[in-house]
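What follows is one structure encoded as structure tokens, with my remarks underneath.
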Amino acid sequence: MSTVYPAVSGTVLVRDRGSGDKETQPFTLEATSDLKIKITINARANLRYVALWWYLYGVGEDIFYKRGSVDEEQGTFEFYAAAIPPGNWYIRIVSANCNWELTVEKVT
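Under numbering that gives the first Met the number 0, the residue at position 107 of the sequence shown is numbered 106, and the numbers go up by one with no gaps.
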């Protein structure tokens, strides 16, 4: 791992927002860590048409490591990804009919 991507602040590794599909800035884990992935979703259409999927990828990898989703709901949702190995990572969001905000925090 040659490139190190700095945390946003303290334990917060990355913050992002959007209204469609997007990849976050990469973040670096120096050691095996647990992550809290917090996503706030605000619907822009009838809830039955609202969906969001997130995928955790290693930088340069084609296969996701962890994933989660929210369908037909809005609000704030927390996901936990345990024992993520050291390396550079990013989150890919795929969403429909919503605005979203994302925070990834290191919890161990």
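Even glycine gets a Cβ: it sits at the ideal position worked out from N, Cα and C.
| Query | Result |
| --- | --- |
| Endpoints, the beta strand (DSSP E) within which D61 is located | First-last for D61: undefined, no H or E at that position. |
| Spatial distance of E60 from A42 (CA atoms) | 31 angstroms |
| Close-in-space but distant-in-sequence residues of the same chain around A30 (CB under 8 angstroms, 5 per side omitted) | P85 |
| Cutoff 8 angstroms; reference W99; Cβ partners in own chain excluding five residues on either side | R16, G17, S18, I38, T39, I40, N41, L51 and I92 |
| Straight-line Cα distance separating N45 from Y64 | 31 angstroms |
| Option nearest A80 by Cα separation, candidates Q73, R66, G57 and T2 | R66 |
| Alpha-carbon spacing of L28 relative to V103, whole angstroms | 12 angstroms |
| Same chain, Cβ closer than 6 angstroms to P25, five either side skipped, listed in chain order | Y4, V58, N87 and Y89 |
| Under the three-state DSSP convention, the category R47 falls into | helix |
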